[in-house]
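Reading through the structure tokens given below for one structure.
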Amino acid sequence: MSRNQIEARIAQLYLALQYCSEKSKTFTAGERICINQERFQWMHILENETAAPRPVSQNIENKLKEVSRLALLHNFKPYYGNPLKEEILLHN
Numbered sequence: 000m001s002r003n004q005i006e007a008r009i010a011q012l013y014l015a016l017q018y019c020s021e022k023s024k025t026f027t028a029g030e031r032i033c034i035n036q037e038r039f040q041w042m043h044i045l046e047n048e049t050a051a052p053r054p055v056s057q058n059i060e061n062k063l064k065e066v067s068r069l070a071l072l073h074n075f076k077p078y079y080g081n082p083l084k085e086e087i088l089l090h091n
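Residue numbers for the sequence shown follow numbering that gives the first Met the number 0, so the first one is 0 and each next one is one higher.
Here it is, written out as structure tokens:
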């Protein structure tokens, strides 16, 4: 994956977690942990390209797609900004 694709995936995962927190409790605590593990692994990969991804299960991926669709449909903007964007700005 390219850097832009990784950053987009991290943003998608973050948005889904925020949507779940603020609008619709879609994910269980365990699923949220898995999503955060994937998210932080992608952040690690941005610094260490040899690291391996830790994708979520297909069941969680299906839920992520549905939450992403709902967030787009309702023009959802999370209350908190994406911390990755702030991190990128600090490094540039």
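Every residue, glycine too, gets a C-beta built ideally from N, C-alpha and C.
Computed from a predicted model, the values in this text were never measured in an experiment.
**Request:** Note down the Cα distance separating L16 from H43, rounded to an integer number of angstroms.
**Result:** C-alpha separation (whole angstroms): 19 angstroms.
**Request:** Measuring alpha carbon to alpha carbon, tell me which of F39, N61, K64, K62 ends up nearest R53.
**Result:** When only C-alpha atoms are compared, the closest one is F39.
**Reduced DSSP category for A51 - H, G, I as helix; E, B as strand; rest coil** = Residue state, collapsed to three classes: coil.
**Request:** Count the other CB atoms, across all protein chains shown, that sit within 10 Å of the CB of A70; report buried if there are 16 or more and exposed otherwise.
**Result:** By the 16-neighbour rule on beta-carbons within 10 angstroms, A70 is buried.
**Request:** Compute the Euclidean distance between the alpha carbons of A51 and Y18, then round it to the nearest angstrom.
**Result:** When rounded, the distance between both Cα atoms is 27 angstroms.
**Prompt:** What did DSSP end up calling M42 once you bin it into helix, strand or coil?
**Reply:** In this structure, M42 counts as helix in the three-state DSSP scheme.
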